[in-house]
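J.: Sending over a structure as structure tokens; questions will come in a sec.
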Amino acid sequence: MNVELTKKPVPRLVDQLQYGLSAPICMTWELTYACNLECVHCLSSSGQRDPRELTTDEAKAVIDELAALQVFYVNVGGGEPLVRRDFFELLEYAIGRRVGVKFSTNGYLLDEAKAKRLAELDYLDIQLSLDGADAATNDPIRGAGSYAAVIRAMDNLRAANFGEFKISVVATRHNVSQLDEFKALADSYGAQLRVTRLRPSGRGVDVYQDLRLTQTQQREIYTWLMGQPDVLTGDSFFHLSALGDALPGLNLCGAGRVVCLIDPVGDVYACPFVIHDEFMAGNVRDEGGFSKVWRESALFESLREPGAEGACTSCGAYDACKGGCMATKFFTGLPLDGPDPDCVKGFGEEAMAAVDQSHVPHSTQDHSKPSGPQSQRVSISLGSKPASN
Amino acid sequence: MNPRAPHQLSSRIGLRPEPFGAMAYHFDTRRLVFLKTPALVELVHSLVDYDSVNSAVAAAVDGDEHKANLYVTALSSLADAGVICER
Amino acid sequence: MSPSTDVSPAPATTATDVADAIGTDDELVEEELLVEEISIDGMCGVY
Chain R
953 MNVELTKKPV PRLVDQLQYG LSAPICMTWE LTYACNLECV HCLSSSGQRD
1003 PRELTTDEAK AVIDELAALQ VFYVNVGGGE PLVRRDFFEL LEYAIGRRVG
1053 VKFSTNGYLL DEAKAKRLAE LDYLDIQLSL DGADAATNDP IRGAGSYAAV
1103 IRAMDNLRAA NFGEFKISVV ATRHNVSQLD EFKALADSYG AQLRVTRLRP
1153 SGRGVDVYQD LRLTQTQQRE IYTWLMGQPD VLTGDSFFHL SALGDALPGL
1203 NLCGAGRVVC LIDPVGDVYA CPFVIHDEFM AGNVRDEGGF SKVWRESALF
1253 ESLREPGAEG ACTSCGAYDA CKGGCMATKF FTGLPLDGPD PDCVKGFGEE
1303 AMAAVDQSHV PHSTQDHSKP SGPQSQRVSI SLGSKPASN
Chain W
377 MNPRAPHQLS SRIGLRPEPF GAMAYHFDTR RLVFLKTPAL VELVHSLVDY
427 DSVNSAVAAA VDGDEHKANL YVTALSSLAD AGVICER
Chain D
31 MSPSTDVSPA PATTATDVAD AIGTDDELVE EELLVEEISI DGMCGVY
């Protein structure tokens, strides 16, 4: 057999990926909009179950498709995925089809019995959501008792010998000073720490101005992450790569290219941070299922075209930051071919000043409970004036 | 990697063809490895038919020593990543 | 719902298309570039 090595140069990986793949590499699947919590920044505006949720059989059909496509890894979330009665059935079905699963949970329902059951499964990662290294910082964001619930869940996983799990933190103005404490907490459980970027998605848009990092904090978190190669970021800080060496990861927006979201009613979005009609590619219940949406939807085809640099053309940092996060620009009313609001060169601030606030988009799916996290929205301001509606 | 030993694709790996080559995912370590040319992918698949890495590479490069070194180095990275293993 | 479970890989572009589109004139690449490794957590858009 003669295997020819082409004399054509091998393009950079990032260039090859931007043209799209036959299937996502990994992706997010929100199983339900129901949730026992009402976190102020919830990217999926979860709270109440949607009556059109995929049935168990429909969910299994999606898993069959993911297996056939060889999607290696699915992050299952919601809402709170443990709220679904068929959660373990679906989990075991996916694992049986060799689709790796990580699920994100607030830990309330992760009791000793569930921890033992989870410990018996292979190809399974668990991610516990926490936004403060103590209850005083965490609970105003996630709800009274939510910090304690995570500690309990971690104790249950440890007692059940689950092995390594992850703690996932959304970096906010109020918790960025606690990065070392988060690391220590994770280390004390032998857990991996994950720190991700806050986007103004879902309910996040209501608290974004109060919770987003300042430019100083952005530089702090970049420096800290560069010194912590064991801390995961989900590649969510690639806009900070303009500050110096790139953080580990693909350093590009994966929406519609290497990742996507399947929501609880089967809608397919470019990523979980753009749950909005403008970024909805199709539905898994349509003929051809998820595969057809991934491969042929007009939205994903347009996302896979090389991006227009637009207003960022003349900036030398563009190659590193790629103009930042599409979702963050969309929900702050900025043009997608311009700078990210958190552009480290300051071009985002200029652009934000020109935005007509009355035309800033909101998520087109809102499953928040009617009572709403009103009291929490006030308390997170911590001394400054309350966020107005 | 011992290039004189017979090798094969690891059973802990999911290998998925792509236009540029392939992606290999290790289910235990969660590491993802990109094989960036189709030629390398074919070579990996061919390993199981030869009794050493060296003989598989020799068959692939038809006397080109430079290419042979290139491939052996690439296969060595794949062995380190657990994508291929001795059989 | 009738998703297909018999899916064959159907690449939208070929490696040649991609290389042509990039249009670089480099020499044959060094061996480090034939293999690249990344964490499954290393792609943006998964929470």
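Chains R, W and D, in that order, are what the protein sequence lines are. Okay, so the first sequence: first residue is 953 according to this note's numbering, each after it adds one. Okay, so the second sequence: first residue is 377 according to this note's numbering, each after it adds one. Okay, so the third sequence: first residue is 31 according to this note's numbering, each after it adds one. By construction, the Cβ of each residue, glycine as well, lies at the ideal position given by its N, Cα and C atoms.
Leaving out the 5 sequence neighbours to the left and right, which residues in its chain are closer than 7 Å to A1207 of chain R when beta-carbon positions are compared?
T.: Around A1207 of chain R: A1222, C1223, V1226, L1255 and M1278.
J.: In whole angstroms, what separates the C-alpha of G1186 of chain R from that of F1299 of chain R?
T.: Going from the Cα of G1186 of chain R to the Cα of F1299 of chain R covers about 24 Å.
J.: Assuming V1157 of chain R contacts L1006 of chain R (C-beta within less than 8 Å), just tell me the rounded distance between them.
T.: 26 Å between Cβ atoms; not a contact.
J.: So V76 of chain D contacts chain R; which residues on that side make the cut at Cβ distance below 7 Å?
T.: Within chain R, the residues near V76 of chain D are C978, M979, T980, N1027, G1186 and V1211.
J.: Could you please give me the residues that DSSP links to P66 of chain D through a beta bridge?
T.: First, the residue type needs correcting, since residue 66 of chain D is Glu and not Pro in the sequence shown. W:F410.
J.: Could you name the residues that DSSP lists as bridge partners for W981 of chain R?
T.: Answer is R:V1028 and R:I1214.
J.: The beta strand (DSSP E) spanning F1055 of chain R covers which residue range?
T.: Element bounds for F1055 of chain R: G1052 to T1057.
J.: By the 10 Å Cβ neighbour count, where 16 or more other Cβ atoms means buried, how is Q1161 of chain R classified, buried or exposed?
T.: Exposed, since its Cβ has fewer than 16 Cβ neighbours within 10 Å.
J.: Compute the Euclidean distance between the alpha carbons of S1140 of chain R and P414 of chain W, then round it to the nearest angstrom.
T.: Approximately 44 Å, taken between the alpha carbons.
J.: Pick helix, strand or coil for C1295 of chain R, following the three-state DSSP scheme.
T.: The answer is coil: DSSP assigns C1295 of chain R none of H, G, I, E or B.
J.: Can you pull the chain W neighbours of G1084 of chain R, defined as C-beta to C-beta under 9 Å?
T.: Correct list: empty, because the minimum Cβ distance to chain W is about 27 Å.
J.: Can you list, in chain order, the residues of its chain whose CB lies under 8 Å from that of V1220 of chain R, leaving out five sequence neighbours each side?
T.: Answer for V1220 of chain R: C1212, L1213, I1214, M1232, A1233, G1234, N1235, V1236, F1242, V1245, W1246 and S1249, listed in chain order.
J.: Taking its Cβ as the centre, do 16 or more other Cβ atoms sit within 10 Å of E982 of chain R, making it buried, or is it exposed?
T.: Burial call: buried.
J.: Report buried or exposed for N1058 of chain R, applying the criterion of at least 16 other Cβ atoms within 10 angstroms of its Cβ.
T.: By the neighbour-count rule (16 or more Cβ atoms within 10 Å), N1058 of chain R is buried.
J.: Can you give me the Cβ contacts of S452 of chain W inside the same chain, cut-off strictly under 6 Å, excluding the 5 residues immediately before and after it?
T.: Cβ within range, chain order: M377.
J.: Where does S1320 of chain R sit, in a helix, a strand or coil, going by DSSP?
T.: DSSP places S1320 of chain R in coil when its eight states are reduced to three.
J.: Within 8 Å, do at least three Cβ pairs link the segment 982-992 of chain R to the segment 1031-1039 of chain R?
T.: The segment 1031-1039 of chain R is in contact with the segment 982-992 of chain R.
J.: What is the rounded straight-line gap between the Cα of T1089 of chain R and the Cα of S1081 of chain R?
T.: Their Cα atoms are separated by approximately 13 Å.
J.: To the nearest angstrom, how far is the alpha carbon of P1200 of chain R from that of L995 of chain R?
T.: In a straight line, the C-alpha of P1200 of chain R is about 24 Å away from that of L995 of chain R.
J.: Which whole-angstrom value is the C-beta distance of V1014 of chain R and M979 of chain R, which I expect to be below 8 Å?
T.: That belief does not hold up - the Cβ atoms of V1014 of chain R and M979 of chain R are roughly 11 Å apart, past 8 Å.
J.: Label V966 of chain R either buried or exposed according to how many other C-beta atoms from any shown protein chain fall within 10 Å of its C-beta, with 16 as the threshold for buried.
T.: Label assigned to V966 of chain R: exposed.
J.: Relative to chain R, which residues along the segment 389-413 of chain W have a C-beta separation below 8 Å, given in chain order?
T.: Taking 8 Å as the Cβ-Cβ cut-off against chain R, the residues of the segment 389-413 of chain W that qualify are G390, R392, P393, E394, P395, F396, M399, Y401, F403, R406, L408, F410, K412 and T413.
J.: One question on the structure: do A457 of chain W and V409 of chain W come within less than 8 Å of each other, judged by their Cβ atoms?
T.: Result yes, Cβ atoms of A457 of chain W and V409 of chain W sit closer than 8 Å.
J.: Look at Q1317 of chain R and R392 of chain W and say whether their C-beta atoms are less than 8 Å apart.
T.: No, Cβ-Cβ distance for Q1317 of chain R and R392 of chain W is not below 8 Å.
J.: Using three-state DSSP, classify A51 of chain D as helix, strand or coil.
T.: Legend: pLDDT at A51 of chain D = 35, less than 50; position of this residue unreliable, no value from coordinates given.
J.: Can you check whether the C-beta of E67 of chain D is within less than 8 Å of a C-beta belonging to chain R?
T.: No, E67 of chain D lies away from the interface with chain R (no Cβ there is under 8 Å from its Cβ).
J.: Run through chain D and tell me which residues come within less than 9 Å of S1056 of chain R, C-beta to C-beta.
T.: Neighbours of S1056 of chain R on chain D, chain order: Y77.
J.: Taking Cβ positions only, does T1008 of chain R come closer than 8 Å to chain D?
T.: No, no contact with chain D.
J.: Assess contact between the segment 1144-1153 of chain R and the segment 1186-1197 of chain R, defined as three or more Cβ pairs (one per stretch) separated by less than 8 Å. Is contact present?
T.: Output reads yes: the segment 1186-1197 of chain R touches the segment 1144-1153 of chain R.
J.: When we look at the beta-carbon of R1164 of chain R and count the other beta-carbons within 10 Å, is it buried (16 or more) or exposed?
T.: By the neighbour-count rule (16 or more Cβ atoms within 10 Å), R1164 of chain R is buried.
J.: For D1077 of chain R, does the count of other Cβ atoms within 10 angstroms reach 16, so buried, or fall short, so exposed?
T.: Counting Cβ neighbours within 10 Å, D1077 of chain R comes out buried, since at least 16 surround it.
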